[in-house]
Every structure is written in structure tokens, then in C-alpha cells.
Amino acid sequence: MIFELCNTYLHLILHNTHTKTAIDYSLRQLINLGKLVSVNSYETLMEACFGKFGFVYLSVNMFLLSYGAMLAYLIIIKDVFPILFDVHDTDAKCFIMFVISLLVILPLSMQRDVADLEKTSRLNLILNICLVGLVVAFSPTQQSVVDSGGTIQMIADEPFLDKTFFVGFGVCSFAFVCQDSSFIIAGSLKKPTNKRWKRVTNCAIFTCCTLELIMGVVAYLA
């Protein structure tokens, strides 16, 4: 089975001339391989390729990833919302985190179909664009560059490969960990064709890369 899948995957790569990025292409091929072996999830695809070990290994890693993301979101909620409500007591912060998690995160997590999150996802995208716009509009970019002696001098004084590189790189990597959701999102399409799925992956990755690049460059220069 593994040998057949490898041959099929190589054949798809050699005969696809429209690949734009490795990430985009890999997301499309996950769905294609799932159809070849008649599976509809990332976990069962791993099981078809590597047996029970592959299924368990991937499931454990998906749990760790989701658990870490959940903790990060809860920490952000606990740190940000008390500032908005002008709350400084530790117990009050924990209570706010609990209430928001119960009233917002839990209902969203209980949705059986990703398509039901269409409205919240659209709102999320709009808010992210607004956030990047605020950073671009209010960051003292020009003043910071001038104070540092120009862009070239700034880069020379503060090289990219410093102690903060791996922190930023970890954030970037987290943004592209979407393979485990690919089957769920592809299955939520009204007309789940290869052409429509390709359009979804192209638009999603292009949007993420653009927003992240703008945010990163402006924040660095400021």
C-alpha cells in the first residue's frame, strides 16, 4: 500500500504544472490521496499508509497541538479582556476567562460542521485585516528608521538571526499547521470539486502570507 501511494504521489507531482507553493500543493494532494484510498480524514489516511502506529502517532500529535493552542488562547483571553474591563484582581481575571470560554469558545467548539462557522470565520478575517491595518497606520515606522540611521544601518545593527528568531519562526510555523483540518474544510464545501478546493487553498495561503508579511515587516521597522 505504501509503495503504491508513493508511486501515485510522485506521478501527481510530475504531471502537475500549476503548483504555486509546496504547502498549497500538499493540501490538495492530501485530499486526492484520501480519495484514492477511500478515507475522509487525516488520521485514517495515516492509518492507511502506516497502519495503527501511524494513526496513534498522528492522533497524539494532533492532541498536543490542539491542547497547546487552547492554552495559548486562554492565556490571551485572561490577559487581554481584564484590561478592556479595567479589572486587576487575579480571581476576577480567572472568572472572566471562565465565562468567555463557557459562552463563546465552548459553543463554537461543539459545531459538528465547519461550514456552520462561516459567519464567525468571516468576522475573524475582517478583524485580522483591521488589526494589521491598525499596526500599519500607527506604528512609528518612518521615525524609527530615521532614528536608527536608515534601513541598511538598522539591519546591520540588529541582524535577523538573533535570539528572537526562533520565537518568531515558531509563530510563523504555527500559522501553517492546517493539514489536520484540510479534510474537514474540503468536506464542508457545497461543491467539493478539485477546482474549488484549489481555489480555497490558493486564496487562504495567499491571504495569510500577505497579512503576516505586512505585519512582520512593519513591526520590525518600527
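Heads up: the sequence shown begins at 39 in my numbering, then just goes up one per residue.
Every residue, glycine too, gets a C-beta built ideally from N, C-alpha and C.
In this text the structure is predicted, and so the values were computed from the model without any measurement.
Have a look at residue i and residue j and give me their C-alpha separation to the nearest angstrom.
i	j	result
threonine 239	arginine 66	8 Å
leucine 259	cysteine 247	18 Å
alanine 107	isoleucine 114	11 Å
aspartate 195	valine 173	23 Å
isoleucine 167	leucine 249	7 Å
glutamine 149	isoleucine 193	46 Å
threonine 128	threonine 189	42 Å
phenylalanine 41	alanine 86	Residue placement at phenylalanine 41 cannot be trusted, given a pLDDT of 48 that sits under 50; the coordinates are not used to answer.
glutamine 191	leucine 169	29 Å
isoleucine 143	phenylalanine 119	14 Å
leucine 102	leucine 122	30 Å
isoleucine 61	valine 256	25 Å
serine 79	valine 184	52 Å
lysine 116	leucine 74	45 Å
glutamate 81	leucine 71	13 Å
valine 137	leucine 165	22 Å
alanine 153	cysteine 241	17 Å
serine 186	lysine 236	44 Å
serine 226	aspartate 151	7 Å
phenylalanine 179	phenylalanine 244	Looking at the sequence shown, residue 179 is not phenylalanine but threonine. Near 24 Å, if we compare the C-alpha coordinates of phenylalanine 244 and threonine 179.
phenylalanine 176	leucine 251	17 Å
valine 98	phenylalanine 91	11 Å
Within 10 angstroms of the Cβ of residue i, are there 16 or more other Cβ atoms? Answer buried if so, exposed if not.
i	result
phenylalanine 93	buried
tyrosine 264	No answer is possible for residue 264: the residues shown for the chain start at 39 and end at 260.
glycine 206	exposed
tyrosine 95	exposed
glycine 89	exposed
serine 220	buried
alanine 130	exposed
isoleucine 223	buried
isoleucine 134	buried
isoleucine 69	buried
leucine 83	buried
Kindly indicate the opening and closing residues of the alpha helix (DSSP H) around residue i.
i	result
arginine 237	232-259
lysine 73	60-74
methionine 148	Segment: none, methionine 148 is in no alpha helix (DSSP H) and carries neither H nor E.
valine 125	First-last for valine 125: undefined, no H or E at that position.
leucine 161	156-176
alanine 194	189-195
threonine 179	179-185
alanine 224	217-225
Count the CB pairs spanning the stretch 228-235 and the stretch 154-165 that are closer than 8 Å, and state whether there are at least three. no
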